[in-house]
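Engineer:
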Amino acid sequence: MTTGYSGKPLVQKLGYKDGMRVWFDSMPDSVRAEIGEAGLALSEELVPTSGVHAAHLFVTDKIALGEKLEALRKVLDPAGFIWVSWPKKAAKVTTDITEDTIRAIILPNSDLVDVKVCAVDAVWSGLKLMIRKDRR
């Protein structure tokens, strides 16, 4: 199991735990393999359904991100979370998403807030979103 500069395994940084219902959208094989190395008993859904505990989106387009977040919010467990990952500038991947873009999408029109940021791997950064405490 690899660790980033923080010294923590990825699955620990992301907060996945045994028994969670999860949905992964466009997750790179390398990230999926690293999560699998942890040996957690995750229940991965093919499509997100009501009460999903965690979702992880890998995105490069802000319009698609807005649509996905709106749909996910409707099925997210009140104590659940969504990770949004976007390519780091150094990765040289074409994208119109940055950390600030994600905040600009969620903050004005949503009850989602960002609570954590992390390096997912050499290409992807991640921003963790949760439902505001007063709206759970």
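Quick note on numbering: the sequence shown equals residues 2 to 137 in the numbering used here. The beta-carbon is built from N, C-alpha and C at its ideal position, and this holds for glycine as well. This one's a predicted model, so the numbers in the text were calculated from it and none came from an experiment.
1) Which one of Pro79, Lys90, Asp97 has the shortest CA to CA distance from isoleucine 64?
2) Classify lysine 129: buried if its beta carbon has 16 or more other beta carbons within 10 angstroms, exposed otherwise.
3) Taking contact to mean at least 3 C-beta pairs separated by less than 8 Å, is the region 69–76 in contact with the region 97–112?
4) Can we count leucine 15 as close to the ligand NAP, meaning its CB is less than 8 Å from some heavy atom?
5) Report the three-state DSSP secondary structure of glutamate 35 (helix, strand or coil).
6) Is it buried or exposed, glycine 37, if we count other Cβ atoms within 10 angstroms and call 16 or more buried?
7) Since arginine 104 is in the beta strand (DSSP E), which residue starts that stretch and which ends it?
8) Run through DSSP, which three-state label would alanine 72 get?
9) Just how far apart, CA to CA, sit phenylalanine 82 and alanine 39?
10) My guess is that methionine 21 and serine 44 are in contact by the Cβ rule of under 8 Å, so how many angstroms apart are they, rounded?
11) Considering lysine 14, what are the terminal residues of the alpha helix (DSSP H) in which it resides?
12) Could you check what DSSP says for lysine 129 in three-state terms: helix, strand or coil?
13) Run the CB neighbour count on proline 49, radius 10 Å, all protein chains shown included, and call it buried at 16 or more, exposed below.
Structural biologist: For this structure:
1) Asp97
2) buried
3) yes
4) For the structure depicted, the ligand NAP is absent and the ligand set is empty, with no information on it obtainable.
5) helix
6) exposed
7) Segment 100–107 is the alpha helix (DSSP H) holding arginine 104; no beta strand (DSSP E) there.
8) helix
9) 19 Å
10) 7 Å
11) 11–15
12) strand
13) buried
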